[in-house]
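Residue numbers (the working numbering): 2 to 378.
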């Protein structure tokens, strides 16, 4: 197609190509790239997929990764002061990643586990921005973390791992007095008593968590319709959370009424319905200090606080009891009782190669065939 362009009073023909000019490594100054509709659609789909995956993240993850990227920017500010040169945030190399690990360790004095998570968060955000994250850089950061994770003093910086709970711990939590006495210097001298409805909920929440090896997010998402009472016990559908696959597990009647997930669930379910809860709603609901039942599901943080609070009432101090304690406890207790690892792995939804799961298995087996047992010592 040709047109004309005015130069002064003369009109000269100009060739116009219906395509986009190519910058950069073009073979010639007048080279063009013909529009490729297939490539355009694929690029648009990739962009939309990245946006959807980002929007589907849990809010806590999104905020955490955003904070990781802020630290990456702060590290570059510090690095610029040290070197006099500001590096682009997009340049993720072996050198910058290892330096980032050392900066978090030496300047921020972060715990090794926190550093490991920060490295993952930065990589995730970088890919979202379209930056390349070389495998060599990730491998180098992992290598730099190894001695830090083996350092006991550095490990003390973090909160530490959640302690495993046992059926005996559950029994203690579920039978201890549900009251909090004021401190000697407290302004309010009254005793705070946990409402009976909250007590029944917590008993069911803790025993169910242990039985299905439930995470806080999974316990929050459980539905009445997904917990079915059968002759042998309960059939429980654990929903998908954070992209993890859903799972269907079974829970048998326990030997003790105070730690039996089946009987504790029946008692809570009846109390919940008597309090006016709608059937087939969330499995676990909030209860305020006056014993009033909420209508929305108990949040993941609420599920975690419930078990920590019960452990405190039971006097279980000196151990870090969190929402993860039940998952760890099922595996360690199960292995001590001879349960097959595959059964335990399936119950909790761990992947086949999960290092965390096999760490729990080793913990449960550490006294089996002990190296010093029966050798004549």
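Ideal Cβ placement from N, Cα and C applies to all residues, glycine included.
For a test of the three-state rule: what should DSSP assign to residue i, helix, strand or coil?
i: residue 249; result: strand
i: residue 196; result: coil
i: residue 223; result: coil
i: residue 335; result: helix
i: residue 148; result: helix
i: residue 379; result: Past the edges of the chain, shown from 2 to 378, lies residue 379, and the structure says nothing about it.
i: residue 304; result: helix
i: residue 237; result: strand
i: residue 228; result: strand
i: residue 123; result: helix
i: residue 1; result: With the chain represented from 2 up to 378, any question about residue 1 goes unanswered, as that position is not in the structure.
i: residue 283; result: strand
i: residue 263; result: helix
i: residue 357; result: helix
i: residue 288; result: strand
i: residue 207; result: helix
i: residue 64; result: helix
i: residue 368; result: coil
i: residue 39; result: helix
i: residue 362; result: helix
i: residue 374; result: coil
i: residue 138; result: helix
i: residue 342; result: helix
i: residue 70; result: helix
i: residue 325; result: coil
i: residue 273; result: helix
In whole angstroms, what separates the C-alpha of residue i from that of residue j?
i: residue 335; j: residue 316; result: 25 Å
i: residue 274; j: residue 225; result: 11 Å
i: residue 185; j: residue 267; result: With a pLDDT of 49 at residue 185, under the threshold of 50, the modelled position of that residue is not reliable, and no figure is offered here.
i: residue 230; j: residue 360; result: 33 Å
i: residue 375; j: residue 105; result: 47 Å
i: residue 211; j: residue 123; result: 34 Å
i: residue 87; j: residue 98; result: 15 Å
i: residue 136; j: residue 94; result: 9 Å
i: residue 156; j: residue 330; result: 22 Å
i: residue 355; j: residue 145; result: 22 Å
i: residue 313; j: residue 63; result: 31 Å
i: residue 76; j: residue 89; result: 12 Å
i: residue 42; j: residue 244; result: 26 Å
i: residue 96; j: residue 74; result: 16 Å
i: residue 14; j: residue 39; result: Bear in mind that a pLDDT of 46 at residue 14, under 50, signals an unreliable position, so the model cannot answer this.
i: residue 208; j: residue 165; result: 14 Å
i: residue 259; j: residue 246; result: 31 Å
i: residue 172; j: residue 326; result: 14 Å
i: residue 341; j: residue 365; result: 12 Å
i: residue 118; j: residue 351; result: 19 Å
i: residue 45; j: residue 257; result: 58 Å
i: residue 154; j: residue 83; result: 27 Å
i: residue 293; j: residue 328; result: 30 Å
i: residue 143; j: residue 277; result: 52 Å
i: residue 59; j: residue 65; result: 10 Å
i: residue 70; j: residue 370; result: 47 Å
i: residue 279; j: residue 174; result: 28 Å
i: residue 49; j: residue 120; result: 25 Å
i: residue 148; j: residue 139; result: 16 Å
i: residue 79; j: residue 134; result: 21 Å
i: residue 116; j: residue 239; result: 31 Å
i: residue 221; j: residue 302; result: 9 Å
i: residue 107; j: residue 91; result: 23 Å
i: residue 261; j: residue 195; result: 21 Å
Just tell me which of the options has its CA closest to the CA of residue i.
i: residue 344; options: 360, 245, 285, 214; result: 214
i: residue 248; options: 262, 264, 227, 257; result: 227
i: residue 51; options: 271, 354, 126; result: 126
i: residue 197; options: 66, 347, 84, 291; result: 291
i: residue 349; options: 337, 362, 143, 339; result: 362
i: residue 253; options: 234, 120, 239; result: 234
i: residue 130; options: 169, 67, 115; result: 67
i: residue 284; options: 258, 237, 322; result: 237
i: residue 368; options: 377, 347, 337; result: 337
i: residue 332; options: 322, 324, 346, 323; result: 346
i: residue 141; options: 172, 115, 101; result: 101
i: residue 112; options: 162, 294, 265; result: 162
i: residue 300; options: 378, 242, 218; result: 218
i: residue 151; options: 320, 133, 114; result: 114
i: residue 322; options: 170, 158, 71; result: 170
i: residue 265; options: 133, 176, 108; result: 176
i: residue 324; options: 72, 216, 194; result: 216
i: residue 47; options: 128, 371, 304; result: 128
i: residue 72; options: 194, 110, 302, 372; result: 110
Measuring only from the beta carbon, is residue i closer than 8 Å to any heavy atom that is part of the ligand PLP?
i: residue 340; result: This structure lacks the ligand PLP; in fact it carries no ligand of any kind.
Please determine if the region 306 to 322 and the region 191 to 207 are in contact, where contact requires at least 3 C-beta pairs separated by less than 8 Å. yes
Between the region 286 to 303 and the region 254 to 269, do at least 3 Cβ pairs fall closer than 8 Å? no
Residue ranges of each alpha helix (DSSP H) run of no fewer than 4 residues wholly in the region 90 to 135, ordered along the chain? 95 to 107, 113 to 129
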